[in-house]
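>
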Amino acid sequence: MSFARSHLSAGLGLKPQHFDAARACRAVGLWFEVHPENYMVEGGPRLAWLEAVRAQHPLSLHGVAMSLAADDEPDTAHLARFKRLVERFEPVLVSEHLAWSTWRGAYHPDLLPFPRTAEALVRISANVGRAQDVLKRRIAIENPSHYLRFNEHEFGEIEFLNELVRRTGCGLLLDVNNVYVSARNLGYDPIAYLDAFPAEQVEEIHVAGHSADPKWGDALLIDSHDAPVAPAVWALYEHLLARIGPRPTLIERDDNVPEFTQLLAERERAQGTLGALARRAA
Amino acid sequence: MTTTVFPPAASRLCGLQDQFARALVDPEPPREGGAGIGQLVAQPGFAVYRNTVLKGCIDALQANYPAVTRLVGEEWLRAAAAEFVRTHLPASPMLLEYGAQLVSFLAQFAPAAELPYLPDVARLDRFWTEAHGSRDETPIEPGQVTALAPQELARITLRPHASARWQWFEQQPIFTIWSHNRDLGGDVEADIEWRGEGALLVRPNDSVQAIALGRAEVAFLDACAAGRNLADAAQAALAHEATADLTQLIARLLSAGAFGRIGIDRS
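Protein chains in written order, with numbering that gives the first Met the number 0: chain A, 0 to 281; chain U, 0 to 266.
#1: Please classify I191 of chain U: does DSSP put it in a helix, a strand, or coil?
#2: Identify the contact partners of R45 of chain A in chain U, using a Cβ-Cβ distance below 9 Å as the criterion.
#3: A269 of chain A: which of A:C24, A:G28 and A:A20 sits nearest, CA to CA?
#4: For chain D, find out if any of its Cβ atoms is closer than 8 Å to the Cβ of Y48 of chain U; answer yes or no.
#5: Would you kindly check if the distance between the Cβ of N63 of chain U and the Cβ of Y97 of chain U is under 8 Å?
#6: I'd like to know whether the C-beta atoms of V201 of chain A and R246 of chain A end up nearer to each other than 8 Å.
#7: With the cut-off set at 8 Å, would you say P73 of chain A and A130 of chain A are in Cβ contact?
#8: Which chain A residues are close to R202 of chain U, counting only those with a beta carbon under 9 Å from its beta carbon?
#9: Have a look at L15 of chain U and R115 of chain A and give me their C-alpha separation to the nearest angstrom.
#10: Going along the stretch 91-121 of chain A in order, which residues come within less than 9 Å of chain U, judged by CB to CB distance?
#11: Would you mind sorting N255 of chain A into buried or exposed? The rule is 16 or more other CB atoms within 10 Å of its CB.
#12: I want to see whether chain U comes within less than 8 Å of Y146 of chain A, judged by CB atoms only; does it?
#13: What residue range does the beta strand (DSSP E) around G62 of chain A cover?
#14: Using a Cβ-Cβ cut-off of 8 Å, state whether G55 of chain U counts as contacting chain A.
#15: Where does P213 of chain A sit, in a helix, a strand or coil, going by DSSP?
#16: Classify G271 of chain A as helix, strand or coil using the three-state DSSP reduction.
#17: What separation, rounded to the nearest whole angstrom, lies between the Cα atoms of A79 of chain A and A233 of chain U?
#18: Thinking V93 of chain A and R45 of chain A are a contact (beta carbons under 8 Å), I'd like their distance in whole angstroms, please.
#19: I'd like to know whether the C-beta of T86 of chain U is nearer than 8 Å to at least one C-beta of chain A.
#20: What are the boundary residues of the beta strand (DSSP E) that P108 of chain A is part of?
#21: Consult DSSP for D174 of chain A and reduce its assignment to one of helix, strand or coil.
#22: Evaluate T1 of chain U with the Cβ neighbour count: other Cβ atoms within 10 Å of its Cβ, from every protein chain shown; 16 or more gives buried, anything less gives exposed.
#23: Taking the C-alpha atoms as reference points, what is the distance between D194 of chain A and P138 of chain U?
#24: For I263 of chain U, which three-state DSSP category applies?
#25: Check whether chain U comes within 8 Å of N37 of chain A, counting only Cβ atoms and requiring the distance to be less than that.
#26: Under DSSP, the beta strand (DSSP E) around P159 of chain U begins and ends at which residues?
#27: In chain order, what residues of the same chain lie with their CB nearer than 8 Å to the CB of Q61 of chain U, ignoring the 5 residues before and after it?
#28: Going along the stretch 163-195 of chain A in order, which residues come within less than 7 Å of chain U, judged by CB to CB distance?
#29: Count the other CB atoms within 10 Å of the CB of N150 of chain A; is the residue buried (16 or more) or exposed (fewer)?
#30: Where does A66 of chain U fall in DSSP's three states?
#31: Any beta carbon from chain U within less than 8 Å of W30 of chain A's own beta carbon?
#32: At a CB-CB cut-off below 7 Å, which residues of chain U make contact with A64 of chain A?
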């Protein structure tokens, strides 16, 4: 079954413990997103489960490990495995991060930061281009959460993303929780950031929960995906949508994962906002 | 920790990433202010990356080694995993496969010296992971073998199933310890018989099956994996256990789904 992107509304991150509930759920417009790295196996029940969910719902592949911001080419074997998943599951969306994680043969399970320099832009543009060539499709690049100030930045983040889009033709994934967390951590205005974000390139939006650092409290917010979406993040989301119109929106949850019905209830909020905008436009 | 020596950085970004990657796992990263990595490490946010990387690795190891975790407890396992991570970062983003070297690490890990069975329990956890994600293959049905004429039987080869992992443990009842700490629940009885034991983990269809094996069965599977025909494999089994019932032995392995393909030995 193939699904058109225009039918996507609010989706959920898919967790193995929810496979059966996800497959059976008939919520209108529901779609699911997975990290492809968790399905890079040769065979077995994981792939069979994903196949079964995919038969009922559109699927998005959200990579966390292409390491596009490393000063190195993306790992050929990793790209080949990613490509096999794209061919098999025909995802309606494919995305990755503006970050690095693999360095000199070691994988660091995180989305690591880098100074936005002209040098980095050349390297990352080449890497995004390489990934799109291998996958034979446009991918959306996500704005990361920030915890560090770099003296070496030569570009603002939006300026850097605009340039990346111009050079590679990639799309963008706008993570509103990341904007909130980064704005709080680095001290800038999240509304100004959202208002400057290039609306026409946004293929997907993420919202998620965050938490306060155990040592530094609210002075250091962590993009932990272990809680419901915060009210302040919903407010930013609604502000963004009022400007750019409805976009496929994902509720991310990776830790302290609740019952499926609870995630579905949280999804209703995004679904309600998207539905109201669609009705207004009609 | 041994300090990794990298070739000279080809660019500023490359140089920073060398320093950043090192500071992520270095027990005492450079904290001097000013430019470069010191200026980053000095910020509270740097610890977020250190913690996330470490937690991601430890979570993966805990998930991949559930019987080991149950035996030693979560706190012990996570402390040992933190030691492991410093010298064995994942070699790929496929964290489902992370930790192959934990078996040999535990064998050398001084705090585990009082638990001599721990490395081999880890090995069976590892076998489960490998069997779970291995290539799909339809197992040979017992009927496919029993239908063969007796003169053909001796010359066939049985290739172990793509997911099959097995081993003989000479000293300890590893399978019993592992299975009690994996999914069967309950503690190992105090009167467990302390003897050698084999194990087979295989995923003939959609779930991993685990059975205890005798010495003859392990020898038979080893011979099959080496491409030897059924007559030779039977000899190998008998060499370890002269009284083994070969018909029953082969039937038991076949019904476990241990084989993936029948061939003919033309040598």
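Note that beta-carbon positions come from the ideal geometry of N, C-alpha and C, so glycine has one too.
Concretely, from the data shown:
#1: In the structure shown, I191 of chain U falls within a coil segment according to DSSP collapsed to helix, strand and coil.
#2: L95, H131 and G132
#3: Ranking A:C24, A:G28 and A:A20 by Cα distance to A269 of chain A puts A:G28 first.
#4: This model lacks chain D altogether, as its protein chains are A and U.
#5: yes
#6: yes
#7: Yes, these two residues count as a Cβ contact at 8 Å.
#8: G42, G43 and P44
#9: Near 12 Å, if we compare the C-alpha coordinates of R115 of chain A and L15 of chain U.
#10: W99, S100, T101, W102, R103, G104, A105, Y106, H107, P108, D109, L110, L111, P112, F113, P114, T116, E118 and A119
#11: When all chains shown are included, N255 of chain A counts as exposed.
#12: yes
#13: Careful: G62 of chain A lies outside any beta strand (DSSP E) and carries neither H nor E.
#14: yes
#15: coil
#16: helix
#17: 42 Å
#18: Actually they do not touch by this definition, with Cβ atoms about 19 Å apart.
#19: no
#20: A105 to L111
#21: Strand, per DSSP.
#22: Below a pLDDT of 50, predicted positions are generally treated as unreliable, and T1 of chain U, at 44, falls in that range; the measurement from the model is reported next regardless. The residue in question, T1 of chain U, is exposed, as its Cβ has fewer than 16 Cβ neighbours within 10 Å.
#23: 58 Å
#24: Strand.
#25: Interface with chain U (8 Å Cβ-Cβ cutoff): N37 of chain A is included.
#26: I155 to P159
#27: T68, E73, L76, R77 and A80
#28: N184
#29: exposed
#30: helix
#31: no
#32: Under the 7 Å cutoff, chain U gives P92.
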